[in-house]
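There are 2 protein chains.
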Amino acid sequence: MLTPERHKLIMQLLKEKGVVKIQDLVDITETSESTIRRDLTQLEEGKYLKRIHGGAARLQGKLQEPSMSEKSSRNLQQKRQIAQYAAGLVEGGDSIYLDAGSTVTEMIPYLPAKEIVVVTNGLMHISALLERNIKTFLLGGFAKEQTKAIIGRGALASLEYYRFDKCFMGVNGIHPQFGYTTPDQDEAMIKQKAISLSREAFVLADNTKFSEIAFAKIGELHTAAIITNELDEEQQETYTSKTTIKVVTA
Amino acid sequence: MLTPERHKLIMQLLKEKGVVKIQDLVDITETSESTIRRDLTQLEEGKYLKRIHGGAARLQGKLQEPSMSEKSSRNLQQKRQIAQYAAGLVEGGDSIYLDAGSTVTEMIPYLPAKEIVVVTNGLMHISALLERNIKTFLLGGFAKEQTKAIIGRGALASLEYYRFDKCFMGVNGIHPQFGYTTPDQDEAMIKQKAISLSREAFVLADNTKFSEIAFAKIGELHTAAIITNELDEEQQETYTSKTTIKVVTA
DNA sequence: TTGTTTTTGAATGAAAATGATTGATTTTTG
DNA sequence: CAAAAATCAATCATTTTCATTCAAAAACAA
Numbered sequence: 001m002l003t004p005e006r007h008k009l010i011m012q013l014l015k016e017k018g019v020v021k022i023q024d025l026v027d028i029t030e031t032s033e034s035t036i037r038r039d040l041t042q043l044e045e046g047k048y049l050k051r052i053h054g055g056a057a058r059l060q061g062k063l064q065e066p067s068m069s070e071k072s073s074r075n076l077q078q079k080r081q082i083a084q085y086a087a088g089l090v091e092g093g094d095s096i097y098l099d100a101g102s103t104v105t106e107m108i109p110y111l112p113a114k115e116i117v118v119v120t121n122g123l124m125h126i127s128a129l130l131e132r133n134i135k136t137f138l139l140g141g142f143a144k145e146q147t148k149a150i151i152g153r154g155a156l157a158s159l160e161y162y163r164f165d166k167c168f169m170g171v172n173g174i175h176p177q178f179g180y181t182t183p184d185q186d187e188a189m190i191k192q193k194a195i196s197l198s199r200e201a202f203v204l205a206d207n208t209k210f211s212e213i214a215f216a217k218i219g220e221l222h223t224a225a226i227i228t229n230e231l232d233e234e235q236q237e238t239y240t241s242k243t244t245i246k247v248v249t250a
Numbered sequence: 001m002l003t004p005e006r007h008k009l010i011m012q013l014l015k016e017k018g019v020v021k022i023q024d025l026v027d028i029t030e031t032s033e034s035t036i037r038r039d040l041t042q043l044e045e046g047k048y049l050k051r052i053h054g055g056a057a058r059l060q061g062k063l064q065e066p067s068m069s070e071k072s073s074r075n076l077q078q079k080r081q082i083a084q085y086a087a088g089l090v091e092g093g094d095s096i097y098l099d100a101g102s103t104v105t106e107m108i109p110y111l112p113a114k115e116i117v118v119v120t121n122g123l124m125h126i127s128a129l130l131e132r133n134i135k136t137f138l139l140g141g142f143a144k145e146q147t148k149a150i151i152g153r154g155a156l157a158s159l160e161y162y163r164f165d166k167c168f169m170g171v172n173g174i175h176p177q178f179g180y181t182t183p184d185q186d187e188a189m190i191k192q193k194a195i196s197l198s199r200e201a202f203v204l205a206d207n208t209k210f211s212e213i214a215f216a217k218i219g220e221l222h223t224a225a226i227i228t229n230e231l232d233e234e235q236q237e238t239y240t241s242k243t244t245i246k247v248v249t250a
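Taken in order, these protein sequences are the chains called A and B. Going letter by letter, the first sequence gives residues 1 to 250 in UniProt numbering. Going letter by letter, the second sequence gives residues 1 to 250 in UniProt numbering.
In structure tokens, the structure reads:
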């Protein structure tokens, strides 16, 4: 059974049942567990599903809320710490860019509401921003379903209208040699441009992003400062030599 | 049974019954007590429920719904009728503009999902559109908190990139002499422009909008066709002489 | 064909989830 | 009130699932 067939099958089962177990997929497709795992990993990277222990789950198309499992996890606590620190960097009068992404969303409750202007391409941020009565501008363009982000030519064009004091970006990979990377080419271009339009750029990343490489390159390490939570001595040294890095400790 | 499945199940039972006993959950899920306990602990950490001795209780957080349930239920039926008819006008291959507004939102479930392209300035539409996997473009610009619409210079500028087969607009006032009106000048400009970029334009309006005048003028009656629900003979005559009007009857 | 890349399946140890057990705590019962 | 019963948190061994690695198989190109 060919890879795209399996992927289609998995997605179909997922659509029907909401959750699938790896063992069931192994039986149905008559392939090895390894192969199914690889399939799930790929599909998750493309934001087609959420991997869970023992299988995979359909991801709810909801525009906000993280899922039940992640809401209670340590992971969210860490994200929130990073986000809170990042939000603390914003001063009254700033105009800032908020990249699409869940870590960045966590910044919003901590932003100084008064006198700041926010520009974003993240659909998941809007309601939180409006709720706080923050002056918000949205990029125009194509609304991508999987990542809930505005992308495309239109988005790049609308970015041109703005300049930022600070921008806050999410990335999928941080690597000493390959810099900041993300799976989607279009999103990479937006991130790139936003960084170039900003006086200061910050990348928000938990420790799982380090030494990872995703498909599309955003830029070299020195183009942005990194805000993260944990990092062992060795890695910290590696990265400190290439860019500014702030480790937020618990 | 996978962890998220159990979590979902627990929450569902909780929603129905208010409280659940641990033993019942053990029986239903056919897992051990330990596991259920762990589940409850996690869910409590995520603020999904309150643990009580012997089980768990629902947490009446801010689960309030759009509270105007009573008054609008009849109104909603009417809106939905209008919306459904309007959606029926859209054909595969069309590119359409959806104005911000609650009546227009009701169109989305009835739109032919395949092969259409939607452009909108209505933030309230996005999640419904994405859920239906409809190709969606959003105008860029300022996000207005009260109306959840994108407005401003940026929005006008991004409109220029598009042309539409059909556009569907909401208005606050329809008047034989003063035409279509809406309270906000900025929104009026957007609506105006969208209509001018569209081959055919439709205004969705329930009967309460007729003979009303709001502050900012969008255009004369003849610039768009009207889709409404009820309209007495006399009025219908008045308007039919000035534009196309479709009365959707129950 | 031959050499190269991609895909696959198996093996490994690490990580996570589970179920049973313990003794402490709370609730119920007499 | 005190004893009994039920529920609890904490711990540990076991099982399951996981990521990673590597070599074989398959698909591909020259």
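Where is the CB? At the ideal position from N, CA and C, for every residue including glycine. All values derive from a computational prediction rather than experimental measurement.
The alpha helix (DSSP H) enclosing residue i, as first and last residue numbers
i	result
Asp186/A	Gln185 to Ser196
Thr208/A	Counting along the chain, Thr208/A falls outside any alpha helix (DSSP H), and DSSP gives it neither H nor E.
Ile10/B	Thr3 to Lys17
Gly154/B	Arg153 to Leu159
Ser69/A	Met68 to Lys71
Thr238/B	Glu233 to Thr240
Thr105/B	Ser102 to Thr105
Continuous beta strand (DSSP E) stretch holding residue i: start and end
i	result
Leu138/A	Lys135 to Leu138
Met124/B	First-last for Met124/B: undefined, no H or E at that position.
Lys148/A	Neither: Lys148/A is in no beta strand (DSSP E) and is coded neither H nor E.
Thr182/B	Gly179 to Thr182
Lys217/A	Ala216 to Gly219
Status (buried if at least 16 other CB within 10 Å, exposed otherwise) for residue i
i	result
Ala113/A	exposed
Asp27/B	exposed
Gln78/A	buried
Ser211/A	exposed
Arg199/A	exposed
Glu187/A	buried
Gly179/A	buried
Thr103/B	buried
Met189/B	buried
Ser196/B	exposed
Gln192/B	buried
Asp184/A	buried
Leu59/B	exposed
Ser158/A	buried
Glu16/A	exposed
Ser72/A	buried
Thr3/B	buried
Phe202/A	buried
Gly219/A	buried
Glu62/A	Per the sequence shown, the amino acid found at residue 62/A is Lys instead of Glu. By the neighbour-count rule (16 or more Cβ atoms within 10 Å), Lys62/A is not buried but exposed.
Arg6/A	buried
Phe164/B	buried
Beta-bridge pairing of residue i - partner residues as DSSP gives them
i	result
Ser95/A	Val117/A
Glu200/A	Lys166/A
Leu49/B	Arg58/B
Gly173/B	Thr181/B
Lys21/B	Gly55/B
Val90/A	Bridge partners of Val90/A: none, in fact.
Val247/B	Thr228/B
Gly141/B	Leu138/A
Could you say if the stretch 135-144 of chain A and the stretch 165-178 of chain A meet the contact criterion of at least three C-beta pairs nearer than 8 Å?
no
Cβ pair count under 8 Å reaching 3, the stretch 96-107 of chain B against the stretch 158-168 of chain B:
yes
With a cut-off of 8 Å, do at least 3 Cβ pairs link the stretch 81-88 of chain A to the stretch 213-231 of chain A?
yes
Taking 8 Å as the cut-off, does the stretch 143-159 of chain A touch the stretch 114-132 of chain B (at least 3 CB pairs, one atom from each stretch)?
yes
Inspect the CB distances between the stretch 21-39 of chain B and the stretch 240-247 of chain A and report whether three or more fall short of 8 Å.
no
I want to know whether the stretch 17-37 of chain B touches the stretch 51-62 of chain B - three or more CB-CB distances under 8 Å.
yes
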